[in-house]
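What follows is one structure encoded as structure tokens, with my remarks underneath.
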Amino acid sequence: MRKIVIAGNWKMYKTQSEAKTFFSEFPTHLKATAPQAAVFDRQILICVPYTNLSLLQTVVPAIGHANLHIGAQNVHWSENGAFTGEISAPMLVELGIKYAIVGHSERRQFFGETDETVNKRLKAAQAYGITPILCVGESKQQRDTNETESWIFSQLAADLVDVDQNNLIIAYEPIWAIGTGDTCAANEANRVIGLIRGRLTNPNVTIQYGGSVKSDNIDEIMSQPEIDGVLVGGASLDPAGFARIVNYH
Ligand code: 13P
């Protein structure tokens with residue numbers, strides 16, 4: 017059975033006080049638009065800046081929602097060392113963090129992450145029992161020159177060397193759809209995610225779509241058979257909007 021995971025990526029947004037305000041409102045909105053069959057069949061994950069992790073690991077359990085988790089936005093491959101600005105897996109484990117995004121396109125684009133460092137980060141997370149969310153996706157230029165498939169297959173081949181596919185989430189995030197409002201058509205996202213699944217040794221890996229997911233396109237995205245969830249940037253910052261996304265119908 018493939019797990020459904022609806023995830024937010026707050027990126028570099030929200031101070032601690034803003035994060036507290038979000039979580040004081042989010043649970044009320046969750047209840048307000050809950051689907052008819054109130055059985056909660058989906059995991060909710062919000063990946064926050066490091067400065068919010070410790071605080072939210074006390075705030076979120078108090079909400080009493082068994083499927084609501086907090087995650088990190090990256091993890092280093094070493095346990096410790098002279099790596100200014102980085103955070104290690106044992107540091108996350110001490111806070112009870114079980115998920116971390118790895119290889120987001122913004123990390124690759126602005127911070128020089130390569131498939132090699134992404135692969136090392138994935139393995140380090142898994143070694144500590146953290147489930148990494150591996151992000152892959154093509155640029156606008158690659159899409160326009162019909163390189164989408166070959167690019168994503170090469171990312172997967174390099175990123176997944178010796179990675180345990182039983183403790184992994186993948187997010188297909190076309191770069192041109194991130195933060196642009198230009199969502200990938202749901203059937204096209206479904207097609208690419210099907211191709212990604214075809215390259216895996218474990219077909220039950222949860223594969224999400226990410227890129228301009230909003231409360232008004234979530235229902236169509238989640239109706240696609242290959243799509244097991246979403247990774248939401250901008251629209252995860254608003255408690256009412258993100259609750260509606262979590263409560264897709
Ligand atoms: P937006 O939802 O803001 O397009 O961002 C997507 C993303 O990068 C999630 O990781």
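Start counting the sequence shown at 17; every next residue gets the next number (this note's numbering). All C-beta atoms in this analysis are idealised placements derived from N, C-alpha and C, irrespective of residue type, glycine included.
Residues in its own chain within less than 8 Å of residue i by CB, not counting five upstream and five downstream?
i	result
A87	Checking the sequence, you will find Gly at residue 87 rather than Ala. Excluding sequence neighbours, G87 sits near A23, L61, I62, C63, V64, I113, K114, Y115, A116, I117 and I149.
Q32	T67, N68 and L71
L138	V118, G119, P148, L150, D175, L176, V179 and L184
P43	I79 and H81
I103	Y66, A88, N90, V91 and H92
M28	P65
I234	V246, R260, I261 and Y264
Where do the ends of the beta strand (DSSP E) carrying residue i lie?
i	result
A23	I20 to N25
G245	G245 to V248
Q59	R58 to C63
Y188	I185 to Y188
P255	Premise fails: P255 lies in the alpha helix (DSSP H), P255 to V262, not in any beta strand (DSSP E).
G226	T222 to G226
DSSP three-state label for residue i, please.
i	result
S33	helix
V75	helix
A82	coil
H92	strand
V179	coil
V152	strand
T147	strand
I want to check one thing, is the minimum distance from the CB of residue i to the heavy atoms of ligand 1 below 7 Å?
i	result
V152	no
A251	yes
E189	yes
V208	no
G257	no
N263	no
G245	no
G119	no
G195	yes
G226	yes
N25	yes
D248	Sequence inspection shows Val at residue 248; the Asp mentioned does not correspond to that position. Flag set: Cβ of V248 near ligand 1.
Between which two residues does the alpha helix (DSSP H) harbouring residue i extend?
i	result
T164	T164 to D175
T133	D131 to A143
L108	A105 to E110
V118	Looking at the DSSP string, V118 is not in any alpha helix (DSSP H); the run it does join, the beta strand (DSSP E), is Y115 to V118.
L216	No alpha helix (DSSP H) contains L216, which DSSP labels as neither H nor E.
D235	I234 to M238
E122	S121 to F126
Less than 7 Å between C-beta atoms, sequence neighbours within five positions excluded: which residues of the same chain meet that for residue i?
i	result
K136	W93
G245	I20, V21, I22, A23, T222 and Q224
H45	P255, A256 and A259
V76	F39, L84 and I86
F169	R215
Select from the options the residue whose C-alpha is nearest the C-alpha of residue i.
i	options	result
Q142	N162, T133 and N182	N182
E129	D180, A205, N25 and D175	D175
M17	G249, N263, P241 and S166	P241
E163	V208, Q125 and E102	V208
G197	G214, V229, T217 and N218	V229
Q73	K36, Q59 and Y29	K36
D131	I243, A173, A201 and L211	A173
E95	L211, A140, S166 and E236	A140
Under a CB-based cut-off of 8 Å, is residue i close to chain D?
i	result
V64	Protein chain content of the structure displayed is limited to a single chain, and chain D is not contained in it.
Starting from the C-beta of residue i, find all residues in its chain whose C-beta is less than 6 Å away, skip the five residues before and the five after it, and write them out in chain order.
i	result
Q89	C63 and I117
I270	Any property of residue 270 remains undetermined from this structure, which presents the chain solely from 17 to 265.
A187	I149, C151, Q224, G226 and L247
I194	G227
A171	Correcting the residue identity first, residue 171 is Gln in this sequence and not Ala. The residues are V152.
Could you tell me whether any non-hydrogen atom of ligand 3 is closer than 7 Å to the CB of residue i?
i	result
V134	Among the ligands modelled here, namely ligand 1, ligand 3 does not occur.
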